[in-house]
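>
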Amino acid sequence: MKRFEWSEWWEERKQKYLISDEPFLDRDRFASLCVGTGLPDIQQRSTFRFRNVRDGAERFIGRSKSGEKPFARIYTRLGNPTTEYLERVLFQLDCQHLIDAALAADEREPTVGSMVLASGMAAISTTLLSLLESGDGIIAGNVYGCTDSLLRTLSRKFDINTYFVDTTDSAAVAEALRLHPEVAVIFIESPDNPTLAMSDIRVLGGLARQHGALLVVDNTFCTAYLQQPFRLGADFVVQSTTKYINGHSTSIGGNVLGPFRFMSAEFFTMAKDLGPTPSPMDSWLNGLSVQTLPQRIDAAVENAVDIAAFLSHHPRVERVYYPGLPSHPQHHLVGPQMRNGGAMIAFELEGGARPAERLMNYFARHDTPMELAVSLGCVISYIEHPASMTHHVVPVADRLARGITDGLVRLSVGLEGASILRTAFEEGLTEAYREKRVGKNVGALAPAGG
Ligand SMILES: Cc1ncc(COP(=O)(O)O)c(C=O)c1O
């Protein structure tokens, strides 16, 4: 069990202001937070002029006479006004209920800090590096390929061991905690990438608390619009803003929300010293795109519900993973945790990898909707092959144990319109099973273990 000097303070605040059974913010309130009250100019600059030596010195100890955020306007690696705007908006989206409760209680000290970094992986790596030290342990579920790879590197090089556990099985997590008292962090994605399996965030938050560990939730697939992990007991929310927040595939970025006393001290120091600084231009693009987040997600979810139903009834489709379908193993968690089932789908075709490859190559054509591309959360639908792309770095045995078979296809549903996508799927599936079709790009996918 690892104790931080802010542990008790944080636990008390969490119970008082963050954990909440109240329903999500209604759509209109959420939408108005997204629109905000004024996207700032792009402060595309690396350094800022001080008024005098005292002004510069005070800024370096985190003070400023003009009421600006500590470390604002020194040097962009330490903070930039365009990025701070985005940090504030993302904080509000996850924590407006906290703001309301703290204001009602006349609470002056901030509870949650928000930092925007240069990528989702920067958000994840900076969180883990600032929280953990040699000898600590991590429990992780099925996670994005680069996160998986980072966790293995931390084990190999820095003696921060990860125990990979099926986090959809809360009893397995409890047992792993019992066996490994040094575990300081439980790291999950829910729904996970790419199988859409869901973990019970409330239960895992309770297990983490009992053990004295911290629950970190990668909320990239949902954003605060679909899931608010702090309400359920999480200690940190990380997300890649590259996906739904940006929504147009125009920038790479990440965000971390966590205990303010930690974020403003160890986390800030680690971020400034490692240097994964977002460019002001990218922060501005994300500040612009987040303005339409709920409308984009609503439209994508509407399409996804349609496509998931279509796929689940298609004779050539063997399995569909979509949290919104009653057949999903954790469908019962959607109501308590998520606004709805989201816009990510995975599926397997009869015959496995070969027809899957043909289907993806159909969508790679320029005359079809969608793109064969990694990433997700864009207005354009993306189809991809996790086993050879986003999750190819996961060792084969682990990948297969997690259900990432060679035939698994991941789909990020965009805004093209359900009828367009459905018609294209019908045609693509017909092509995928056309007799004696031997395209020159077909056959690249290695069989499992190969
Ligand atoms: C769930 C999840 N987390 C983190 C990341 C990493 O984000 P980025 O590419 O912005 O570093 C990804 C990227 O696909 C992801 O899917």
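460 is the number that the working numbering gives the last residue of the sequence shown; the numbers go up by one with no jumps. Ideal Cβ placement from N, Cα and C applies to all residues, glycine included.
Below 8 Å on the Cβ atoms is my contact criterion, and I expect residue 58 with residue 23 to pass it. Report the Cβ-Cβ distance as a whole number of Å.
Incorrect: roughly 32 Å between the Cβ atoms, too far for contact.
> Is the beta carbon of residue 466 within less than 8 Å of some heavy atom of ligand 1?
Nothing about residue 466 can be reported from this structure: the residues present for the chain run from 11 to 460 only.
> Note down, in chain order, each residue of its chain lying with its Cβ closer than 7 Å to the Cβ of residue 468, except the 5 sequence neighbours on either side.
In this structure the chain extends from 11 to 460, so residue 468 is not present and cannot be described.
> Using a threshold of 9 Å, state whether the C-beta atoms of residue 149 and residue 196 are closer than that.
The answer is yes: Cβ separation under 9 Å.
> Below 9 Å between beta carbons: does that hold for residue 372 and residue 355?
Not a contact, by the Cβ cut-off of 9 Å.
> Please confirm whether any heavy atom of ligand 1 lies closer than 8 Å to the CB of residue 203.
Yes.
> Closest to residue 445 by C-alpha separation, out of 411, 414 and 364, would be which residue?
Minimum Cα distance to residue 445 is reached at 364.
> Going by DSSP, which residues form a beta bridge with residue 226?
Residue 226 is bridged to 197 and 246.
> Tell me whether residue 414 counts as near ligand 1, meaning its Cβ is closer than 8 Å to at least one heavy atom of that ligand.
Result no, Cβ not under 8 Å from ligand 1.
> Where residue 427 and residue 348 are concerned, what is the direct C-alpha to C-alpha distance, given to the nearest angstrom?
Roughly 23 Å between the two C-alpha positions.
> Ordered along the chain, which non-local residues of its own chain (more than five positions away) have a Cβ less than 8 Å from that of residue 441?
Within the same chain, residue 441 has close Cβ partners 368, 369, 372 and 447.
> Relative to the C-alpha of residue 467, which residue among 415, 391 and 380 is closest?
Given a span of 11 to 460 for the chain in the structure shown, any question on residue 467 remains unanswerable.
> Output the residue ranges of the alpha helix (DSSP H) runs that lie fully inside the stretch 69-137 and measure 4 residues or longer, sorted by chain position.
You should have 91-114.
> In the stretch 391-429, which residue ranges form an unbroken alpha helix (DSSP H) of at least 4 residues, counting only runs that do not cross its ends?
Counting whole runs of 4 or more residues, the stretch 391-429 contains the alpha helix (DSSP H) stretches 406-411.
> Return helix, strand or coil for residue 317, following the three-state DSSP convention.
Note: residue 317 maps to helix in three-state DSSP.
> In the DSSP assignment, find the alpha helix (DSSP H) that holds residue 356 and state where it starts and stops.
Looking at the DSSP string, residue 356 is not in any alpha helix (DSSP H); the run it does join, the beta strand (DSSP E), is 354-359.
> Between residue 385 and residue 128, is the Cβ-Cβ spacing less than 9 Å?
Against a cut-off of 9 Å, the Cβ pair of residue 128 and residue 385 comes out as no contact.
> Quick check: what's the CA-CA separation for residue 291 versus residue 100?
C-alpha separation (whole angstroms): 17 Å.
> With 16 other CB atoms within 10 Å as the buried threshold, where does residue 189 fall?
Exposed, since its Cβ has fewer than 16 Cβ neighbours within 10 Å.
> Please list, in chain order, all residues of the same chain as residue 228 whose beta carbon is under 6 Å from its beta carbon, the five residues on each side excluded.
Taken in chain order, the residues that qualify are 199 and 248.
> Tell me the DSSP secondary structure of residue 172 in three-state form.
Correct three-state label for residue 172: strand.
> Which first and last residues belong to the beta strand (DSSP E) in which residue 329 is found?
From DSSP, the beta strand (DSSP E) with residue 329 extends over 327-331.
> Taking a contact to mean a Cβ-Cβ separation below 9 Å, would you say residue 366 touches residue 395 in this structure?
In this structure, residue 395 lies closer than 9 Å to residue 366 by Cβ.
> Any heavy atom of ligand 1 inside 8 Å of the beta-carbon of residue 130?
Yes; taking the cut-off as 8 Å, the Cβ of residue 130 has a heavy atom of ligand 1 nearer than that.
> Can you give the Cα-Cα distance for residue 156 and residue 253, rounded to whole angstroms?
Each residue's Cα considered, the two are about 15 Å apart.
> Using the beta-carbon count (16 or more within 10 Å), is residue 67 buried or exposed?
Residue 67 should be labelled exposed.
> Can you tell me which of the three DSSP states residue 192 falls into?
Three-state result, residue 192: coil.
> With distances taken from CA atoms, which of 353, 54, 305 and 359 is nearest residue 323?
If we check each option's Cα against that of residue 323, 359 comes out closest.
> Within 10 Å of its beta-carbon, does residue 238 have 16 or more other beta-carbons around it, so buried, or fewer, so exposed?
By the neighbour-count rule (16 or more Cβ atoms within 10 Å), residue 238 is buried.
> In the DSSP assignment, what residue or residues form a beta bridge with residue 300?
Note: residue 300 sits in no beta bridge, so no partner.
> Reducing DSSP to helix, strand and coil, say where residue 207 ends up.
Residue 207 falls in the coil class under three-state DSSP.
> For residue 215 and residue 193, I'd like the C-alpha separation in whole angstroms.
The alpha-carbon atoms of residue 215 and residue 193 are separated by roughly 14 Å.
> Do you know whose CA, among 412, 318 and 44, lies nearest residue 432's CA?
Nearest of 412, 318 and 44 to residue 432, Cα basis: 318.
> Could you give the first and the last residue of the continuous alpha helix (DSSP H) run that contains residue 345?
Segment 344-347, the alpha helix (DSSP H) holding residue 345.
> To the nearest angstrom, how far is the alpha carbon of residue 457 from that of residue 410?
Here the model assigns residue 457 a pLDDT of 47, short of 50, so the residue's position is not dependable, and the following value carries that caveat. Rounded to the nearest angstrom, the two C-alpha atoms are 11 Å apart.
> Cβ of residue 209 within 8 Å of any heavy atom in ligand 1?
No, ligand 1 has no heavy atom inside 8 Å of this Cβ.
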